[in-house]
Amino acid sequence: MSATSAFPRDAWIAKNLFGFAVWHYDDVTSILRDKRWHSATSRIPEIMGVTDQRFLDRQQVNILSAEGDVHTRLRRLVAPAFSPRAAEKLRPFMRQVVNDLVDKVSAAGAADIAVDICEPYPIPIICELLGAPKSDWQLFSRWANDILEVFSLDMNNKIDLILRTQDELDAYTRAMIAERRDQPADDLLTALIAAEEAGDKLTTDELVMMVNAVIIGGTDTTRNQLGCAVGLFAEHPEQWKLLAEQPELAPHAVEEAMRYFGAVRGTVRFASVDIEFRDVLFPAGTFVSVGLAEANRDPGVFTDPTVLDITAHKSNQPQLTFGSGIHYCLGQALARAELQEALPLLARRMPNLQLAGPTEWKPDGVGIFGPSRMPVTFDPGN
Ligand code: HEM
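Under our numbering, the first residue of the sequence shown carries the number 90, and numbering increases by one thereafter.
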């Protein structure tokens with residue numbers, strides 16, 4: 090498993106299928122913070138060889154792929170709605186969701202962490218955040234799975250499904266926007282509708298795009314990160330016990346688990362112009378894979394990078410699983426809160442956690458990685 094791989098120190102760049110790869114912490118952050126390197130999200134259809142005109146016609150600017158002034162404007166308008174304060178408000182609800190999920194497996198002392206806990210966890214929270222009712226959780230769960238096929242290696246065979254899902258979500262979101270315009274509520278959608286700076290506001294199309302981005306960015310990432318973290322703690326029982334005994338370690342435990350075993354393994358940039366970096370000329374259009382997982386183990390930045398220790402201060406530099414630079418995760422406060430609530434609660438209610446069979450991992454092809462099956466046992470009745 091890549092979580093235990095050694096850090097390749099001797100070289101700083103390698104050739105890969107699309108272009109090049111870098112993995113040293115300094116190179117990764119330099120590229121992510123240099124605005125001449127653009128997000129490759131907008132070029133996924135091209136990379137995957139998608140030729141379906143219906144799909145290409147529907148592509149529009151979204152926050153993940155936008156650059157320059159377009160990105161700055163969007164980010165400035167939406168950032169306040171994603172504040173740490175907005176995430177704080179949801180913490181009691183997060184605890185309730187985790188407790189309800191553990192209640193279902195607690196007596197048995199056995200569960201599939203990926204299926205029973207991680208998979209269902211983010212959907213109610215995203216719905217609560219957006220202001221969608223409980224009766225629509227199932228619908229969102231299906232949309233989240235289907236719409237995420239845009240990142241699948243098999244995307245070309247999933248175009249009909251993706252388009253259908255986009256249509257359904259589009260219609261749902263437009264109806265919800267109209268409702269909130271009439272009757273504002275205390276939720277993200279209302280905050281996004283109200284978001285205004287110097288007379289500038291998001292258009293309805295941009296609001297729909299943001300809801301899409303929240304579903305794409307906020308579900309699979311969180312569930313996979315929780316799965317990676319629990320799997321990791323199952324292999325470090327003394328750290329799991331420590332977290333159960335000292336839940337105040339949760340913020341640090343989340344950073345350390347994300348550093349040691351991040352669910353977003355890397356991202357991709359392309360040179361928007363000719364760029365000279367470390368004395369190498371990267372012609373405009375060159376793709377570079379940016380290794381977040383490897384950079385998180387850079388021994389020049391983190392002390393004992395291959396040791397998991399939720400009490401140690403390993404670096405003054407942040408772990409990079411939320412990225413860096415202008416595309417730094419917009420939902421990081423929410424994701425951190427979700428993990429900080431879930432992990433100590435699971436540690437307390439699933440003592441003596443042990444892996445109880447082979448863990449099945451999702452394919453590592455698209456940057457987001459985590460377990461699809463993770464059978465475990467634990468002491469029942471907590
Ligand atoms: C543990 C969970 C999460 C991880 C590991 C994660 C990771 C990331 C990373 C690495 C990026 C930058 C990608 C790049 O530079 O190419 C990103 C961007 C983004 N994330 Fe997250 N994310 C998580 C949770 C969330 C949540 C909960 C939301 C929404 C509620 C969210 C919304 C977004 C959005 C909208 C962007 C694009 C920001 C921009 O381009 O300006 N993420 N995330």
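Positions of the beta carbon are idealized from the N, C-alpha and C atoms, including for glycine.
In this text, all values refer to a predicted model and were calculated from it rather than measured experimentally.
Residues of its chain near residue i, where Cβ-Cβ distance is below 6 Å and the 5 sequence neighbours each way are ignored
i	result
L419	F171
D235	L250, T254
R348	N385, Q408
V191	R438
W232	T254, L258
C317	F350, A352, G459
G307	I215, G420
V187	A431, L434
Contact set for residue i: own chain, Cβ-Cβ below 7 Å, skip 5 residues either direction
i	result
V194	A200, D205
A238	It should be pointed out that residue 238 corresponds to Glu in this sequence rather than to Ala. Around E238: M244, K247, L250, I251.
P388	F96, P394
S154	S128, T130, S131
W112	P97, G380, E383, A384
A342	L332, I399, L432
P447	none
Host beta strand (DSSP E) of residue i (start-end)
i	result
W226	Careful: W226 lies outside any beta strand (DSSP E), inside the alpha helix (DSSP H) at 226 to 236.
V159	Premise fails: V159 lies in the alpha helix (DSSP H), 157 to 167, not in any beta strand (DSSP E).
Helix, strand or coil at residue i [DSSP, three-state]
i	result
L370	strand
W112	coil
T308	coil
P460	strand
F411	coil
I364	strand
K223	helix
I120	helix
F107	coil
F376	strand
G320	helix
E208	coil
A65	Any answer about residue 65 is impossible in this case: the structure gives the chain only from 90 up to 471.
P173	helix
Extent of the continuous alpha helix (DSSP H) run through residue i
i	result
P213	211 to 219
K330	326 to 334
A424	421 to 438
V343	339 to 349
I136	133 to 136
L153	Unbroken run through L153: none, as it is neither H nor E.
D146	142 to 147
Beta-carbon contacts of residue i that lie in its chain and below 8 Å, excluding the five residues immediately before and after
i	result
M298	Q149, V150, N151, I152
P372	A360, D363
E208	R312
L338	L331, L332, I399, T400, P433
E286	R165, L166
R358	I120, L121, W126, H127, S128, A129, F376, V377, V379
H325	L397
M183	I214, A426, E427, E430, A431
Bridge partner(s) assigned by DSSP for residue i
i	result
Q472	Residue coverage of the chain in this structure runs from 90 to 471, which leaves residue 472 outside it and unanswerable.
S128	R358
E383	Bridge partners of E383: none, in fact.
E530	Residue 530 lies beyond the range of the chain shown here (90 to 471); nothing can be said about it.
V353	I457
I102	V111
Please list the segments of the beta strand (DSSP E) lying wholly inside the segment 179 to 205, counting only runs of 3 or more residues, in order along the chain. 199 to 201
Closer than 6 Å from C-beta to any heavy atom of the ligand ATP: which residues, in chain order? Only the ligand HEM can be found as ligands here, which leaves the ligand ATP out of the picture.
I'd like the ranges of any alpha helix (DSSP H) spanning at least 4 consecutive residues and lying wholly in the segment 237 to 317. With a minimum length of 4 residues, the continuous alpha helix (DSSP H) runs that stay inside the segment 237 to 317 are 248 to 271, 277 to 283, 293 to 307.
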